[in-house]
Amino acid sequence: MSWLCRPRKGGVDCRNYSHNSSSEFYSSLGLEGFSVADTSGTVEEDTDSAILYGTLRGSIVGLRYYKGVVNNNEMVALQREPNNPYDKNAVKVNNVNGDQVGHIKKELAAALAGIMDNKLAVVEGVVPYGAKNVFTMPVQMSFWGREENKEAVLDQLKMHGFKLAPPLKECGFGSKWISGKTGPTYSAPVHAAVHLTTEQLKSEFDKLFEDLKEDDKTCEMEGAEAVGTLLLPHQKQALAWMVSRENSDNLPPFWEERNNFYYNILTNFAVKERPKNVLGGILADDMGLGKTLTTIALILTNFQDGKPLPVEKITSDKSYEVRWKKKIVSQYSKSSDLGESEECLPLQTERSSFNYCTASIQSVEKKYSEDGPRTTLIICPLSVLSNWIDQFEQHTSQDFHLNIYIYYGSDRNKDPAILSEQDVVLTTYNVLATDYGVSKYDSPLHKIKWLRIVLDEAHTIRNPNAQQTKAVLSLEAHRRWVLTGTPIQNSVKDLWSLISFLKLKPFTDREWWHRTIQRPVTMGTPGGLRRLQSLIKSITLRRTKISKVKGKPILELPERKVLIQHVTLAEEERQIYQSVKKEGKVAINRFFNEGTVLAHYADILGVLLRLRQLCCHPHLCTNTSSSFSVGSNTPEELRQMLVNKMKLVLSSGSDEECAVCLESLTLPVITHCAHVFCKPCIYEVIRSEQPNASCPLCRSELRVEHLVECSLEEELNSSNGKKGGQEWISSSKINALMHALIELRKENPTIKCLVVSQFTTFLSLIENALKKSGFVFTRLDGSMAQKKRVEAIQCFQSSQAGSPTVMLLSLKAGGVGLNLTAASRVFLMDPAWNPAAEDQCFDRCHRLGQKYNVIITKFIVKDSVEENMLKIQNKKRELAAGAFATKKPSASEIKQTKINEIKALIDL
DNA sequence: ACCGCCGGGTGCC
DNA sequence: ACCGCCGGGTGCC
1 MSWLCRPRKG GVDCRNYSHN SSSEFYSSLG LEGFSVADTS GTVEEDTDSA
51 ILYGTLRGSI VGLRYYKGVV NNNEMVALQR EPNNPYDKNA VKVNNVNGDQ
101 VGHIKKELAA ALAGIMDNKL AVVEGVVPYG AKNVFTMPVQ MSFWGREENK
151 EAVLDQLKMH GFKLAPPLKE CGFGSKWISG KTGPTYSAPV HAAVHLTTEQ
201 LKSEFDKLFE DLKEDDKTCE MEGAEAVGTL LLPHQKQALA WMVSRENSDN
251 LPPFWEERNN FYYNILTNFA VKERPKNVLG GILADDMGLG KTLTTIALIL
301 TNFQDGKPLP VEKITSDKSY EVRWKKKIVS QYSKSSDLGE SEECLPLQTE
351 RSSFNYCTAS IQSVEKKYSE DGPRTTLIIC PLSVLSNWID QFEQHTSQDF
401 HLNIYIYYGS DRNKDPAILS EQDVVLTTYN VLATDYGVSK YDSPLHKIKW
451 LRIVLDEAHT IRNPNAQQTK AVLSLEAHRR WVLTGTPIQN SVKDLWSLIS
501 FLKLKPFTDR EWWHRTIQRP VTMGTPGGLR RLQSLIKSIT LRRTKISKVK
551 GKPILELPER KVLIQHVTLA EEERQIYQSV KKEGKVAINR FFNEGTVLAH
601 YADILGVLLR LRQLCCHPHL CTNTSSSFSV GSNTPEELRQ MLVNKMKLVL
651 SSGSDEECAV CLESLTLPVI THCAHVFCKP CIYEVIRSEQ PNASCPLCRS
701 ELRVEHLVEC SLEEELNSSN GKKGGQEWIS SSKINALMHA LIELRKENPT
751 IKCLVVSQFT TFLSLIENAL KKSGFVFTRL DGSMAQKKRV EAIQCFQSSQ
801 AGSPTVMLLS LKAGGVGLNL TAASRVFLMD PAWNPAAEDQ CFDRCHRLGQ
851 KYNVIITKFI VKDSVEENML KIQNKKRELA AGAFATKKPS ASEIKQTKIN
901 EIKALIDL
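Shown next, in the form of structure tokens:
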């Protein structure tokens, strides 16, 4: 219990980011002490665009009253202490470990207080010398902030009689002092940050994972007896690496031993006790290489001192019983994949029978009573929960029994004593966050010290302010693993949560992460990327599908070819297309001339959607609930119009991102100015900009009471917009598809195909054509119940004669785990906005288990919006390749990108 | 703190 | 002397 009550260092700690107004906001509620960690995501994240204003020498006083010590050249943190009873301007000075060293002298503190409270600048300190002083010591301060705040900061300092020295070359990162024998020397970063070109960054990034196969990462290790599956060579390597990391007593990265002290060469912090290495790391293999299997092998193989997990060996008379139980587990799993809300839970009976099982298994005589913790906690998104259960079932030998508890569902057992008796507890990020949200102190998963925690698809916690992230970061464990196929999605920033989870000192504290890694990288400081590289390298194992083991490709995947098949519209189709295009172009031109493009963003997406639909089939384009009228009607009409616009944006398949968090929309809401954001994101913007918040995209007034959300019924109603008895006709695209399918059938009637579209109504139209030509087909889309999905997949994957040869697939159906290797042909009926979504879809058949070369055919209508979409896709690919280490785009940059996209799409 | 600063004691040479 | 100077007490914010 004790670790829960203690204020936590290294959790989400925003000391230097705390905001005056927000602390007042919370203290008015009597909540001070809880507030600071909850500061908005918008203000503090701007630290990426900070420039160095200058430096100032000051002094730290009161050293004799505190135990925190520093070394010469060590970085220190300056932290406001507004509740200090002697001086409301007080500024504390802490060392890297978070121990207080002293205070900033009061005259200087008086000047700093306003600057820090109003977040005009971030003030960072380094103690250049005098670290052994008894009463006072000097501190060299650097002032960082956004260009527009520079004057205000200089004025503020001047008022108190201080003046910044020009940013000396060497003190850009306070790194003059860390050069010493070990650290790299930085030269002239400061004002004119050397921004690397995209290509340079990209190649640097590629190097990040080079040489990873060297070191000790090529040793192989066999799994324990209880691992029922033979591991592939690269999986044995991963197992060996993971086991060695769990049992290692090496120093963590950037620490060195020097005469009985341990030095951190980035911050110059020293401690007497040997810092513990991360007993874990990041397994960042590409998907399909078997991260799940390897992790299961790890759990079974490395319990304590390199000994296997003492699992129960099953005697033959028991094995029937257990097999039967395993069956129930898998049944449970297959119905649990719908959504995270409690309503979508699997059937009560199935769950309770499973829980009953676990209980009965626990009553079986216990062979082992270990002192330390024995349980591994696995946290994953709901969509892969069932995959874990399946894989445990598949890969644990039939002769052994693992106690696995699925901590999910409203009747989950919250007794920590029961949970900590399991071998494995499986749960989801949302369940964890929900428990934690109800009460940090009653959350059962937070009461247990785990043997090991595994975060699957760990990039789901890349937002440090998300409740899920906070919940994950405050779990206790000996060993910590992060599984992800995408270690760095958008920027270095995304790494922080992961590094912090791994408890890598001193990076658990965002300030140190930012000063030592993030800023040097984003500013392009020479050596910055190398530093990040050596950090990543020391804790990460990453192989891609094309990596090699002993000169051989890791996975011998068949070839994958993408062909573009141009389609010419028939005359009548072309006419409709042209007239809709003309009409849309006139409207969009008007928006451009009026400068109201963004205000009509949803309308424009609507035009583009209609054009894309017309490329597929004229019948798709009947949802012409044109919302061009902007007449201010009754509030209810206005609301309905906004709901319609939002539905348009959401259904347009444009994969809209929230401009605040840059991720796909969760709980979308629409503003009066018709821009769609995540509800929590926009609430945060409104709160942090109070009293006068404005839309991040267009700066118009923003008020909570003006936000409109789409109720669940409305969403449902819109999705089953079934076509009434319209008479079936074909289309040019369908003809092209059918031609290809029939040719293929002649060639080889057993080849299976995926026919993919973003428009489920289009899939329905294609059904007609398939029926007419006598194809046996099945279908998988997002609206299907879990049971039906499983049926469809099993049916399609079957190699039996008469099994379907075609699967109609909606582009985003199914999670990453979806396995459709029976297909070796893909027909992509319409291009997606986001090329990554297409690739993901292709990977569902082009993956481990695929026996044939995969040929993908993209149908693209000539002289249409589809051709332009291909261009945008290419641009996005380039962008994604170079996205690493670039800073978060501002709202105005997003705006510009969107405008450019629109221009490119409608060829203006 | 081998400082600065404060405030009481003190007062030609 | 409503000063200077001395020397003891004292010391973060």
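Counting from 1, position 315 in the first sequence corresponds to residue 315 in UniProt numbering; the numbering is continuous, with no gaps. A virtual CB, placed ideally from N, CA and C, is assigned to each residue, including glycine.
What does a CB cutoff of less than 7 Å around residue i pick up in its chain, not counting 5 residues either side in sequence?
i: ASN768; result: TRP728
i: PRO831; result: LYS858, ILE860, GLU866, MET869, LEU870, GLN873
i: ILE404; result: PHE392, GLN422, ASP423, VAL424, LEU426
i: LYS313; result: ASP399, PHE400
Put residue i into one of helix, strand or coil per three-state DSSP.
i: LEU611; result: helix
i: ILE729; result: coil
i: LEU405; result: According to the sequence shown, residue 405 is Tyr rather than Leu. TYR405: strand per DSSP, three-state reduction.
i: TRP496; result: helix
i: THR229; result: coil
i: ARG245; result: helix
i: CYS678; result: strand
i: PRO167; result: coil
i: HIS234; result: helix
i: HIS566; result: strand
i: LEU455; result: strand
i: ALA575; result: Going by the sequence as given, residue 575 is Gln instead of Ala. If DSSP states are grouped into helix, strand and coil, GLN575 belongs with the helices.
i: CYS795; result: helix
i: MET287; result: coil
i: VAL70; result: coil
i: PRO464; result: coil
i: PHE591; result: helix
i: THR292; result: helix
Between residue i and residue j, which are expected to be in contact by the criterion C-beta below 8 Å, what is the C-beta distance as a whole number of angstroms?
i: TYR65; j: TRP144; result: Not confirmed; about 29 Å, so no contact.
i: residue 909; j: ARG542; result: The first residue shown for the chain is 1 and the last is 908, placing residue 909 beyond what the model contains.
i: VAL70; j: VAL61; result: With a Cβ gap of about 14 Å, VAL70 and VAL61 do not count as contacting.
i: LEU811; j: VAL865; result: Going by Cβ atoms, the distance from LEU811 to VAL865 rounds to 17 Å, so no, they are not a contact pair.
i: VAL708; j: LEU642; result: 4 Å
i: PHE162; j: LEU56; result: 6 Å
i: THR376; j: GLY228; result: 18 Å between Cβ atoms; not a contact.
i: ILE855; j: LYS545; result: Incorrect: roughly 18 Å between the Cβ atoms, too far for contact.
i: ILE734; j: ILE766; result: 6 Å
i: TYR67; j: ASP99; result: The sequence shown places Lys at residue 67, rather than the Tyr named in the question. With 8 Å as the limit, LYS67 and ASP99 qualify as a contact, their Cβ atoms being about 6 Å apart.
Between residue i and the rest of its own chain, which residues show a CB-CB distance below 6 Å, the 5 nearest in sequence each way excluded?
i: LEU455; result: ILE379, VAL482
i: HIS600; result: PHE591
i: THR606; result: In the sequence as displayed, the identity of residue 606 is Gly instead of Thr. Excluding residues within five positions, the ones whose Cβ falls inside 6 Å are LEU648.
i: THR666; result: CYS678
i: THR484; result: ALA284, ALA458, HIS459
i: ALA813; result: LEU780, ASP781, GLY782
i: PRO416; result: PRO444, LYS447, ILE448
i: LYS105; result: SER59, VAL61
Can you check DSSP and say which residues form a bridge with residue i?
i: CYS753; result: VAL806, ARG825
i: ASN94; result: ALA77, GLN100
i: residue 912; result: In the structure as shown, the chain begins at 1 and stops at 908. Residue 912 is therefore absent and cannot be evaluated.
i: ARG779; result: LEU808
i: LYS307; result: GLN304
i: LEU154; result: Note: LEU154 sits in no beta bridge, so no partner.
i: VAL861; result: VAL567
i: GLU701; result: SER694
i: GLU476; result: LYS449
i: SER59; result: PRO138
i: VAL549; result: LYS552
Output needed for residue i: all residues of its chain with C-beta closer than 8 Å, excluding positions within five of it in sequence on either side, in chain order.
i: TYR262; result: LEU251, TRP255, GLU256, ALA270, VAL271, LYS272, GLU273, ARG274, PRO275
Counting Cβ pairs, one atom from each stretch, are 3 or more of them under 8 Å apart for the segment 817-836 and the segment 849-869?
yes
Say whether the segment 389-398 touches the segment 287-303, bearing in mind that this needs 3 or more beta-carbon pairs closer than 8 Å, one atom from each stretch.
yes
Is the segment 567-577 touching the segment 603-618 in the sense that three or more CB pairs, one from each, lie closer than 8 Å?
yes
If we count Cβ pairs, one from each stretch, closer than 8 Å, do we get three or more for the segment 740-754 versus the segment 795-809?
Verdict: yes, contact present.
Any contact of the segment 100-117 with the segment 151-167, i.e. 3+ C-beta pairs under 8 Å?
The segment 100-117 is in contact with the segment 151-167.
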